[in-house]
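Trainee:
In my numbering, the protein residues as written are 2 to 288.
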């Protein structure tokens, strides 16, 4: 399932792992289990810091095609039910890297809010492997789980859990459930998740209360290509810059084929937005 080229790339990514990761696969029988086990074995074989272990988790995991991530023997709260291929392969790789100590890509104020959660939150994200919008949700909630032991996040491949999809009458993905109740669906991003979380637990609004930025020279409203460009140009002049956006990347993020960007023959919205984020990190810009 995983080519030699992909294994070579993964070896480079995993070289910086700071913790040992155990992929805990639930025991049992399933027609897709051998395929999942081979997939996990291939990934584990890339790095000495990753081990695969088959274990009866006594109900912690959903089925015999479910697995969780442990970091240095501690449960990270991250679960996958299904084979995280397709668009979710990046979610899986990022989960491994973040669980092993790679810095999370999350705003400090959001991190503080997530750490302030006191109640147990069990997120379930129903996805399809061909869904373009699903990885952002899975990756955001995986980071939430790593920030707070009260939070867990499970990616569920709806194609392998049709009875559950029918039971919950899920019509589209991503579909996010919190503690068994519908939390969000459709085009959901990290900002939407935070808004819904604040609605779910209004007390979290007090977490960052009183915190404020020092006086800024420039405030850019909007996180699309134009906004990022303005922010970078301003920062290069030595100005203190803040970008305010409810959704980084804007509408461009939803565009799958971009062929009219001069000097870039072909790209995709998610790839372009990822490059914008990386470029902006080169400068002292607050998002």
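Cβ atoms here follow ideal geometry from the backbone N, Cα and C, with glycine treated the same way. Bear in mind that the values here come from a model prediction, so they are computed numbers and not experimental data.
Between residue 218 and the rest of its own chain, which residues show a CB-CB distance below 6 Å, the 5 nearest in sequence each way excluded?
Mentor: Locating residue 218 in the chain shown gives position 217, counting from the first residue. Cβ neighbours of residue 218 beyond the five flanking positions: 240, 241.
Trainee: With DSSP as the reference, label residue 103 as helix, strand or coil.
Mentor: Numbered from 1 along the chain shown, position 102 holds the residue referred to as residue 103. It is coil, neither helix nor strand.
Trainee: Would residue 84 pass as a contact of residue 37 if the rule is Cβ separation under 8 Å?
Mentor: Here residue 84 refers to the residue found at position 83 of the chain shown. Here residue 37 refers to the residue found at position 36 of the chain shown. Cβ distance < 8 Å, so residue 84 and residue 37 count as in contact.
Trainee: Determine the direct distance from the alpha carbon of residue 229 to that of residue 48, and round the result to whole angstroms.
Mentor: Along the chain shown, one-based indexing puts residue 48 at 47. Along the chain shown, one-based indexing puts residue 229 at 228. Computed Cα separation, rounded: 36 Å.
Trainee: In the DSSP output, what is residue 158 paired with across the bridge?
Mentor: For the purposes of this step, residue 158 is taken as the residue at position 157 of the chain shown. According to DSSP, which records beta bridges pairwise, residue 158 is partnered with 128.
Trainee: Taking only runs that begin and end inside the region 31-103, name each unbroken alpha helix (DSSP H) of 4 or more residues, in chain order.
Mentor: Listed in chain order, they are 34-45, 90-100.
Trainee: Between which two residues does the beta strand (DSSP E) carrying residue 27 extend?
Mentor: Locating residue 27 in the chain shown gives position 26, counting from the first residue. Its beta strand (DSSP E) spans residues 22-27.
Trainee: Please find out if some non-hydrogen atom of the ligand PLP comes closer than 7 Å to the beta-carbon of residue 78.
Mentor: Looking for the ligand PLP in the displayed structure turns up nothing, as the structure carries no ligands at all.
Trainee: Give a yes or no on contact between the region 53-71 and the region 126-140, applying the rule of three or more CB pairs nearer than 8 Å.
Mentor: no
Trainee: Could you name each continuous beta strand (DSSP E) segment of 3 residues or more that falls completely within the region 198-256, going from the start of the chain to the end?
Mentor: 219-222, 242-245
Trainee: Would you mind working out which of 288, 144, 50, 88 sits nearest residue 194, comparing C-alpha positions?
Mentor: Translated into positions along the chain shown, residue 194 becomes position 193. For residue 194, the closest C-alpha among the options 288, 144, 50, 88 is that of 144.
Trainee: Could you please give the first and the last residue of the uninterrupted beta strand (DSSP E) stretch that includes residue 180?
Mentor: Counting from 1 along the chain shown, the entry for residue 180 is found at position 179. According to the DSSP assignment, residue 180 belongs to no beta strand (DSSP E), since it is labelled neither H nor E.
Trainee: Quick one: what does DSSP say residue 261 is sitting in, helix, strand or coil?
Mentor: Locating residue 261 in the chain shown gives position 260, where the first residue counts as 1. Residue 261: coil per DSSP, three-state reduction.
Trainee: Report yes or no: is there a C-beta of chain B within less than 8 Å of the C-beta of residue 92?
Mentor: The structure shown contains no chain B; it is built from a single protein chain.
Trainee: Excluding five sequence neighbours on each side, which residues of the same chain lie with their C-beta closer than 6 Å to the C-beta of residue 11?
Mentor: Along the chain shown, read from residue 1 onward, the residue named residue 11 stands at position 10. The residues are 47.
Trainee: Given that a residue counts as buried once 16 or more other Cβ atoms are within 10 Å of its Cβ, and exposed if not, what is residue 271?
Mentor: Position 270 of the chain shown, counted from the first residue, corresponds to residue 271. Buried: at least 16 other Cβ atoms inside 10 Å.
Trainee: Quick test of the definition: if touching needs 3 or more C-beta pairs under 8 Å, does the region 112-128 touch the region 178-198?
Mentor: yes
Trainee: Pull up the DSSP beta-bridge partners for residue 289, would you.
Mentor: The structure shown does not extend to residue 289, since the chain spans only 2 to 288, so no value can be given for it.
Trainee: Can you grab the Cα-Cα spacing for the pair residue 252 / residue 223, in whole Å?
Mentor: Position 251 of the chain shown, counting from 1, holds the residue named residue 252. Position 222 of the chain shown, counting from 1, holds the residue named residue 223. Taking the straight line from one Cα to the other gives about 11 Å.
Trainee: Can you tell me where the alpha helix (DSSP H) holding residue 167 begins and where it ends?
Mentor: Start at 1 with the first residue of the chain shown, and residue 167 comes out as number 166. Counting along the chain, the alpha helix (DSSP H) containing residue 167 begins and ends at 163-168.
Trainee: Alpha helix (DSSP H) containing residue 3: first to last residue?
Mentor: Translated into the one-based positions of the chain shown, residue 3 becomes position 2. No alpha helix (DSSP H) contains residue 3, which DSSP labels as neither H nor E.
Trainee: If you reduce the DSSP assignment to three classes, tell me which class residue 16 lands in.
Mentor: Position 15 of the chain shown holds residue 16. Residue state, collapsed to three classes: coil.
Trainee: So what does DSSP say about residue 268, is it helix, strand or coil?
Mentor: For this step, residue 268 is matched to residue 267 along the chain shown. Residue 268 falls in the strand class under three-state DSSP.
Trainee: Please state if the CB of residue 114 and the CB of residue 24 are separated by a distance shorter than 8 Å.
Mentor: In the chain shown, the residue the question calls residue 24 occupies position 23. In the chain shown, the residue the question calls residue 114 occupies position 113. Cβ atoms of residue 24 and residue 114: not closer than 8 Å.
Trainee: Under 8 Å, do residue 153 and residue 78 count as touching if we go by C-beta distance?
Mentor: As a working note, residue 153 is residue 152 in the chain shown. As a working note, residue 78 is residue 77 in the chain shown. Yes.
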